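Colleague: Quick one: the structure is below, and I'll ask about it shortly.
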Amino acid sequence: MAQHGIDPTAPLTGEPTKKTKRKLAKELRTQLISFTFMIFLTTIAFISIASDAIPTGFAIPFILLLACIQVVLQLYVFMHLNERGNGWQNAMIWTGVLIAIPTVASLMLLLGIVKF
Amino acid sequence: MADQHVQTLPPNLEKATLEGKNKYLGFWLFLGGETILFASLFGTYLGLRGSLNGGPGPSDLFHLPLVFIMTMILLTSSLTSVFAIISMKKGNYKGLLTWMTVTVLLGAAFLGFEIYEFVEYVEHDLGFTTSAFGSAFYTLVGTHGAHVAFGIAWITTLIIRYRKSGLTLTNAPKFYVAVLYWHFIDVVWVFIFSVVYLMGIGG
Amino acid sequence: MSYAKAQSKSAVWDWLTTVDHKKIGIMYLVAGAFFFALGGFEAILMRIQLMFPEASFLPAQTFNELLTMHGTTMIFLAAMPILFGLMNYIVPLQIGARDVAFPFLNSLGFWLFLFGGILLNLSWFFGGAPDAGWTAYVPLSSEYSGTGIDYYVLGLQISGAGTLIGGINFLVTIINMRAPGMSMMRMPLFTWSTFVASTLILFAFPALTIGLLLLMLERIFGATYFAVHAGGNVVIWQHLFWIFGHPEVYILILPAFGIFSEIISTFSKKRLFGYSAMVFATLLIGFLGFMVWAHHMFTVGMGPIANSIFAVATMAIAVPTGIKIFNWLFTMMGGRIQFTTANLFALGFIPSFVMGGVTGVMLATSAANYQFHDTYFVVAHFHYVIIGGVVLGIFGGAFYWWPRMFGYKLDEKLGKIFFWMFLFGFHLTFFVQHFLGLMGMPRRVASYLDGQGLNDMNFISTIGAFLMGVAFIIFVVNIFVSMKNRETSGDPWDGRTLEWTIPSPTPEYNFAQTPLVRDVDAYWHEKYEGDGKMKAAEPLGDIHMPNGSILPVIISIGLFISSFGFIYREHGVIWVAILGLAITFGAMFVRSIKEDHGYHIPVEEIKNDKGGK
Amino acid sequence: MKYLWRLLPLGFILLLAGCGKQNLSALDPQGPVADIQFDLIKLSLYIMIFVIVVVFAIYLFVIIKYRERPGDTHIPKQVHGNKALEVVWTVIPIILLLFLAIPNVMQTFTLADVDVNEEEDDFVRVVVTAHQFWWEFEYPDYDVVAGQDMYIPTNTKIIIELEASDVIHSFWVPALAGKQDNVPGITNDMWLIAPQEGIYQGKCTELCGEGHWLMDFKVIAVDPDTFDTWASSMARTVDEEEEVNVVSAEGREVFEQNCISCHAISGEGGDLGPNLTNFGERSVIAGFLDWDENDENLENFIRYPTEKKPGNLMQPFPNLADDEMDALIDYLKSLKVLE
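So the protein sequences, as listed, match chains A, B, C and D.
If you read the first sequence in UniProt numbering, its first letter stands for residue 1, the second for the next number, and so on.
If you read the second sequence in UniProt numbering, its first letter stands for residue 1, the second for the next number, and so on.
If you read the third sequence in UniProt numbering, its first letter stands for residue 1, the second for the next number, and so on.
If you read the fourth sequence in UniProt numbering, its first letter stands for residue 1, the second for the next number, and so on.
Pasting the structure below:
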C-alpha cells in the first residue's frame, strides 16, 4: 500500500526525540544488567554440573530452570517481546512453546521401550 | 526526495512502514515455527541419547571448558547485536554497521569452535553414523550450527549491501529482523548447552 | 518500473512472474485440480483391482505405489493447494486488502509447491513411485524401499516449504492488513478458519520438515535415528509424522468449515448463528488438533496411560465440532434456504460429515481402536471426513466463488446433477467399507482372498468410485459449457461480505478505495442498514503495486534440479545437487540485494475502470 | 445387491455377526478380549446413533420448514445467537462422551494387563515374530518354534509378546482380539483367551511391502491336553522324530540339500523361513494357498515362490527334478505332530 510522504529509500537523517533517547538509555542499562545476569546464570549452571558437590538429581532440574530464566530474559529484554503491540508475537511464541512441550515429552518417553 | 520534515527519527524504525510491520510480525511467526522445529530435534535427541551402539557417549566426549567458551562467545554476540539496534535507533548508522560486524565476527568464532569440536569428536570415534546418539547429536547441534552459518551469511550480505546507503526505512527492518534471528539462535543454544552438554555430563 | 511497462508483458511471462494474489490463487486452483484428477485416477485404478477377489489387474508393487501416491497427492498436492487457491483469491478480498502481506513470498510458495509436486510425480517414470504409504513408516521407507522414497522425501520437503511460507503469509496478511473497522471479531468465518489453519501450518509443518530431514539423512548419509541395529528407534518417525499429520487434517477441514459457514449464511439469508461461538470452536479445534496425534499410534505400544490420555483428548474434539454443526443448523433455522448448487454441497456436507465425525469418536475409543486400526473402517472414516468435509467444501466453494474468480456462473442444472451423482457415489463407495474393515479387511491390501465374505461389498464400493469419477467429468464439462454465462454484477448471490462489493471481473488492485467496515457481514450491513454501498476509508488516489518477479520460479527450479543430484548421488552426480543449490541461493541473493519498490497505478486509470463499469 | 438392502436397517450388526463362519469378523467375537472390544464398539455406536438421530432430525426439520418457496422474498430476522443453546450443546456432548470415555479407559487398562502369577496362573507365553511375509511363533516355556499356525490351548490366558525382524507388522486375529504392532526393536504385549476350539484367521495389518496382503496366519485353538501333546511333539529332535514316524528318506535328502539352510524341522535347520516341523498339518500353504489334490499349489510354490506371493523372499527352485519334487512333497506332507 502506498506510503504517502516518506520515500523508504531515502537515508534518514535527524535524531530521535528526547523521550526516545531517554528510553534508549534506560533500555541500554536494563540490557547490560540482564546480560550480566545471564552470564552469571550460565556460570552457575556450569559450576553446578562441574562440581561434584551438587547431586545430579538436583543439578539437572536446576540447570533447566536457569535455562528457562535465561530464555525469558532473551525474549523479553533483548528481543523486546514485552513492548506494547507485540500481542500476536507473544501469543504465537507461547503457543509454539505449549506445543513443543508435548512434542519433546512424547519423543523422549513414548517410544515403546517403556510402556506408560 | 529526502523529506526535510524527517528531523526526528520515528521511535520504532523497524515498524514505521507497512512492509516493515509485516516483516517484523512475519519473522516472529517464523520463529514460532522454529520453536517446533527445534523441539522436534531436541525430542529426537533426548529419545536417542542413550543409544550408543558401543560408540562413545556424552561423558566420554564433552569438555565443559570448550562449551563454556562457546557459550560466552554467543552470549556476547547477542549483546553486541543489542548495541547495534540501539545505535540504529539513535540514528548512528556507523555504529549499527560496526556492532553488526562485531556480531558476525563473534558468530564466526563460535562456528570455528564448533567445527573444531566436531572434528575432535570424529577423531574420538563418534561418527555421524556410529550410533543413534551420534546421528541425533550431530543433527541437533549441526542444525543450530547451520542456523549460525546462515545468520552470518545473511548479516554479512546486509552489511555489504547497505554499507553506503545510510539508514533507511527499507533497511532498518532488515537489520532489526536479522538481530531477532540472532537472538533466537542464542535462545536455542541456551537449551543446547543445558540439555545436551550439561545434562550429558551431569546425568 | 512504470505502470505502462508493467502492463506490456506477454501472457505466459505475466503468469510466470505474477505476484498478484488473485492470479496465484488461480494457478493454485488449476494445479490442484490437475493433481486432484490424477489422484482420483489412481484411486479408480485401485478400486478396479479391488473389484474382484484375487484380481491380477495390477501387480502388488504397483498397487502399493498407487496407494502411496493417491494419499500423498490428494493431501499435499490436491486438497491443500486448492484450499490455498481459494484462500489466496478470497481472503484479501474478504478483509478489504489490496494484496497479501508478502506478494513475492506468495509466488515463491506456489512455485515451490508446484515443482515439489512435479518432482514427486516424476518418480513414476524413474524407477517407480514411493511405495511405503503416504505415512512412509520406517524402516519400510528407510531400509526396504527404492528411490521412490527419495522422490517422496525431497518432493514433500520442497512443497512443504512452500506451504509454510504460504501459512506465514496468510497470518501476517490477516493480522496486519485488515481494512479499517474490521476487527478480528468482524472477520468472515472463512478468513477466521484460514487464520487458524495457517497457525496450524506454522506449527505443524516444522515437525514434518524435521521428519523428512531425518529420513533424508538416514537414506542419503547413513544416519541411524531409525536403524534398530545401531540403537535407533522407529517410533520417532511416527511421532514426528503425526505431530504434523494430525494437525494436517485440521488444516484441510477448518477452511472447509469456513467455506460452509459463508455458504450457509449467504443462502439462508441470515447472519451466522453464534458467530463468537463458531470462532471459539475453530480455535479450540485448532488447539486440540495438536494434542491428539498419538491416537494414530494406539497399537504401537506406548502403554495404557498414554493411550487413555490421547483417547480422551481426541474425544474432546467432538465437542467444538458439535458446536459448529449445531450453529450451522440454527443458522438455517428461521432463514430462507435457497437450494443453489453451492448450498447443496453445504447441505450434503452436514449429514456426511456427521457420519465421519461419529466414526472418529468410535476410533478414539482406544480399546476398541485395536479392532479398527489399519482396517477399512479407518479408510471409510477418513474418506467420510475428507471427502464429506473437505472435498464437498471445495466444490461448494468453487460454485460459490466461481463468478467472483472467473466472471461467470457455473451452470446450476449440470451442477446439481454433478452434486447428486458425486454424493451418491461417495456414500456408495465408502459406507460399506466400515463393515469391510470390521469383517477383517486390513487397509492397504493389494487384493483379498476369495471366500472371506468380502466380495460383494468391495464390488459395491468400486461401482461407487466409478460414479464419483463420472461426476467429476461432468464438473469439468460444466466449467467449459458455462463460460458463456457472463456475470458482471459482481454480486450474484446477494452476498454478505466484502468480496462481493467489487465489480466483476476483479480489478488488479481489488478495491479502488479501501472500504470502511462497520459490522460483521459488512456488505449486508450496508445493503440493509445503509445505502447499499461500502463507505470508503481513504480518498481515491494512486495505488501502489508490487512488481512481478521471475525469481520465485528460478529458486524453485534450483531446488528441483538439486533434488536429482541427491536422488542419484550414487551415480556420481552430486555436482547436480550443488549446481541446483547454487541456482537457488544465487536467486535468493539477487532478491535480497535488489531494491524493488513496485509501481503505482495512476488515479486516472482507476477512475476509468470505475467509469467503464 | 440384496446384501445392500439388508444392510440399511440398524440391525446390521446382528446380521453381520451371523456371517462370521470364517472366524474372521470382529463383529463375531469369540473370546473375552474381542468381547470387550465388541461391547465398546456397540456402546460407542449407540451413543453415536443417538447423536446422528438428533442432528438428522433437526436438519430435516430445518431444510423442509425453512426452504425458500417460489415468490418468497422476505428477509429473515438476523439472529445473533443464543448463549443458553450454546451451553446446552456443549454440555450434553461432554456428558455423552464421559459415558464412553470412562469404560474405555478402564478397558484400555484391562487389555494392557499382561501380568501373570508365574506359579499359580494357567497361561501360555508365545513370542510372535513377524517377518516379511510370514509369522514365527515361539513358545519359550516349551522350547518350541512353529511357523504360520499358532496353536493355543482353549480357556487359557495366552500372553503374546510381539516382535519383528525387519519392518513393522501388526498382529490381528479379529475374532479373538484386536491388534498390536510388531515393531522392530520393541517388544509389545497383549493377551487373549479362546474359549472354544477352532481355527481363527489372522492377518498382518501394517503395510510391510509387496507381500503384505498375503501375510495371513491362523490361530488354532485346541483343548489343553491336545496342546500339550502338540507342544511335546514339536519339541522332538530329528532323531526322536524318525523313531516315531516313518519318513520318506529320499524326501528328507532333497530337503537337506535344498531347504534346510532356511527352514528348520524338529530343531534342525535355519531360521530364515518358517519352521516346517508340523507342515503336514498346516491349514494352508504359505499362509493362504489351499491344499489341492495333486499338490500343484505346493509344487508351484516351491518352484516359483513369488508367482502367487509377490515379494516373497524364498529362493525359487524351478529346476528341481520331478521325482525329487515328488519325494520332497511326500516328505513335507508327512510332517505331522498330532497323529
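Even for Gly, the Cβ is constructed at its ideal location relative to N, Cα and C.
All figures in this text were calculated on a predicted structure; none of them were measured in a lab.
Mapping the DSSP letters down to three states, classify G231/C as helix, strand or coil.
Modeller: Residue mapping note: residue 231/C aligns to position 231 of the third sequence, counting from 1. Coil, per DSSP.
Colleague: My understanding is that T170/B touches T9/A, with C-beta atoms under 8 Å, so please give their C-beta distance in whole angstroms.
Modeller: What you label residue 170/B is simply residue 170 of the second sequence in a count that begins at 1. What you label residue 9/A is simply residue 9 of the first sequence in a count that begins at 1. About 6 Å; that satisfies the 8 Å criterion.
Colleague: Return the chain-ordered ranges of every alpha helix (DSSP H) run that is complete within the UniProt domain "Cytochrome c" (246-336) of chain D and spans a minimum of 4 residues.
Modeller: List check, alpha helix (DSSP H) in window: 249-258, 296-303, 305-308, 322-333.
Colleague: Measuring CB to CB, does M87/C end up less than 9 Å from F170/C?
Modeller: Against the third sequence, residue 87/C aligns to sequence position 87. Against the third sequence, residue 170/C aligns to sequence position 170. Yes, these two residues count as a Cβ contact at 9 Å.
Colleague: Kindly list the residues whose CB is nearer than 7 Å to the CB of K21/D, restricted to its own chain and excluding five residues on each side of it in sequence; keep chain order.
Modeller: Within the fourth sequence, residue 21/D is the residue found at index 21, counting from 1. Note that K21/D scores 49 on pLDDT, short of 50, meaning its location in the model is unreliable; the coordinates nonetheless yield the value given after this. Nothing listed; no residue qualifies.
Colleague: Taking contact to mean at least 3 C-beta pairs separated by less than 8 Å, is the stretch 455-473 of chain C in contact with the stretch 62-77 of chain C?
Modeller: Touching, no, given that fewer than three Cβ pairs across the two stretches are closer than 8 Å.
Colleague: Suppose contacts are defined by Cβ-Cβ distances below 9 Å. Is residue 615/C in contact with N547/C by that definition?
Modeller: Because chain C spans 1 through 613 in this model, residue 615/C falls outside it and cannot be assessed.
Colleague: State the DSSP-derived secondary structure class of H169/D, mapped to helix, strand or coil.
Modeller: Within the fourth sequence, the letter at position 169 stands for residue 169/D. Here H169/D sits in strand by DSSP.
Colleague: Would you identify the three-state DSSP class for R404/C, choosing helix, strand or coil?
Modeller: Position 404 of the third sequence, counted from the start, is the residue given in the question as residue 404/C. R404/C falls in the helix class under three-state DSSP.
Colleague: Please report the residue range of the beta strand (DSSP E) in which Q452/C lies.
Modeller: Residue numbering aside, residue 452/C sits at position 452 when the third sequence is read from its first letter. First-last for Q452/C: undefined, no H or E at that position.
Colleague: When the Cβ atoms of the stretch 86-94 of chain B are set against those of the stretch 137-144 of chain B, are three or more pairs found closer than 8 Å?
Modeller: No: fewer than three Cβ pairs fall under 8 Å.
Colleague: When you compare the stretch 54-61 of chain C with the stretch 134-146 of chain C, are there three or more beta-carbon pairs, one atom per stretch, that lie closer than 8 Å?
Modeller: Result no; under three Cβ-Cβ pairs closer than 8 Å.
Colleague: Please name the residue in H296/C, A227/C, T331/C, V235/C whose C-alpha comes closest to that of G245/C.
Modeller: Position 245 of the third sequence, counted from the start, is the residue given in the question as residue 245/C. Residue H296/C is the option with its Cα nearest to G245/C.
Colleague: If L498/C and P515/C are in contact, beta carbons under 8 Å, what's the gap, nearest whole angstrom?
Modeller: Your numbering for residue 498/C matches position 498 in the third sequence. Your numbering for residue 515/C matches position 515 in the third sequence. With 8 Å as the limit, L498/C and P515/C qualify as a contact, their Cβ atoms being about 6 Å apart.
Colleague: Using a threshold of 9 Å, state whether the C-beta atoms of L254/C and L208/C are closer than that.
Modeller: Taking the first residue of the third sequence as 1, we reach residue 254/C at position 254. Taking the first residue of the third sequence as 1, we reach residue 208/C at position 208. Result no, Cβ atoms of L254/C and L208/C do not sit closer than 9 Å.
Colleague: When we look at the beta-carbon of K218/D and count the other beta-carbons within 10 Å, is it buried (16 or more) or exposed?
Modeller: Taking the fourth sequence and counting its residues from 1, the one referred to as residue 218/D is at position 218. Burial call: buried.
Colleague: Does the CB of M362/C have a neighbour CB from chain D at under 9 Å?
Modeller: Your numbering for residue 362/C matches position 362 in the third sequence. Yes - at least one Cβ of chain D is within 9 Å of the one on M362/C.
Colleague: Taking T277/D as the reference, give the member of A57/D, L335/D, V116/D with the closest Cα.
Modeller: By 1-based counting over the fourth sequence, the position of residue 277/D is 277. Selected option, being the one with the closest Cα: L335/D.
Colleague: Please classify R49/B: does DSSP put it in a helix, a strand, or coil?
Modeller: The residue given as residue 49/B occupies position 49 in the second sequence. Residue state, collapsed to three classes: coil.
Colleague: I'd like the span of the alpha helix (DSSP H) that includes Y523/C, first residue to last.
Modeller: Residue mapping note: residue 523/C aligns to position 523 of the third sequence, counting from 1. Looking at the DSSP string, the run of the alpha helix (DSSP H) that includes Y523/C is 522-528.
Colleague: Please confirm whether L214/C has its beta-carbon closer than 9 Å to some beta-carbon of chain A.
Modeller: The residue labelled residue 214/C in the question sits at position 214 within the third sequence. No - not a single Cβ of chain A is within 9 Å of the one on L214/C.
Colleague: Looking at chain A, is there any beta carbon in it that lies within less than 9 Å of the beta carbon of I243/C?
Modeller: Here the question's residue 243/C lines up with position 243 in the third sequence. Yes, I243/C counts as interfacial toward chain A.
Colleague: Name the one or two DSSP bridge partners that Q180/D has.
Modeller: Position 180 of the fourth sequence, counting from 1, holds the residue named residue 180/D. Q180/D is bridged to F171/D.
Colleague: For the beta strand (DSSP E) holding C204/D, just list the boundary residues, first then last.
Modeller: As a working note, residue 204/D is residue 204 in the fourth sequence. Residues 198-204.
Colleague: Counting only C-beta atoms, is K115/A closer than 9 Å to chain D at any point?
Modeller: Looking up residue 115/A in the first sequence gives position 115. It does; some Cβ of chain D falls within 9 Å.
Colleague: My output table needs one value for H212/D: the three-state DSSP class, helix, strand or coil.
Modeller: What you label residue 212/D is simply residue 212 of the fourth sequence in a count that begins at 1. Looking at H212/D - three-state DSSP - the assignment turns out to be helix.
Colleague: Judging by CA-CA distance, which residue of S556/C, W192/C, E604/C is the nearest neighbour of F104/C?
Modeller: Start at 1 with the first residue of the third sequence, and residue 104/C comes out as number 104. It is S556/C.
Colleague: Among the residues of its own chain, which have a CB less than 6 Å from the CB of N319/D, if the five just before and after it don't count?
Modeller: What you label residue 319/D is simply residue 319 of the fourth sequence in a count that begins at 1. Excluding residues within five positions, none has a Cβ falling inside 6 Å.
Colleague: When Cβ atoms are compared, which residues of the stretch 182-203 of chain D fall closer than 9 Å to chain A?
Modeller: Correct list: V183, G185, I186, T187, N188, D189.
Colleague: Going by Cα to Cα distance, which pick from K308/D, E299/D, G311/D is closest to M325/D?
Modeller: The residue given as residue 325/D occupies position 325 in the fourth sequence. Nearest option by C-alpha distance: E299/D.
Colleague: Name the chain C residues that come within less than 7 Å of I99/A, Cβ to Cβ?
Modeller: Taking the first residue of the first sequence as position 1, residue 99/A is located at position 99. Chain C residues near I99/A: F203, F290.
Colleague: Which of the three DSSP states is assigned to G81/D in this structure?
Modeller: By 1-based counting over the fourth sequence, the position of residue 81/D is 81. Of the three classes helix, strand and coil, the one that applies to G81/D here is coil, per DSSP.
Colleague: Give the secondary structure of Y225/C by DSSP, where H, G and I count as helix, E and B as strand, and everything else as coil.
Modeller: One-based indexing of the third sequence puts residue 225/C at position 225. Residue state, collapsed to three classes: coil.
Colleague: Skipping 5 residues on each side, what residues in its chain have a beta carbon closer than 6 Å to that of G200/B?
Modeller: Indexing the second sequence from 1 puts residue 200/B at position 200. So the list reads P58, F62, once near-sequence residues are dropped.
Colleague: Which class does G495/C belong to by DSSP, given the choice of helix, strand or coil?
Modeller: Reading the third sequence from its first residue, position 495 is the one you call residue 495/C. Here G495/C sits in coil by DSSP.
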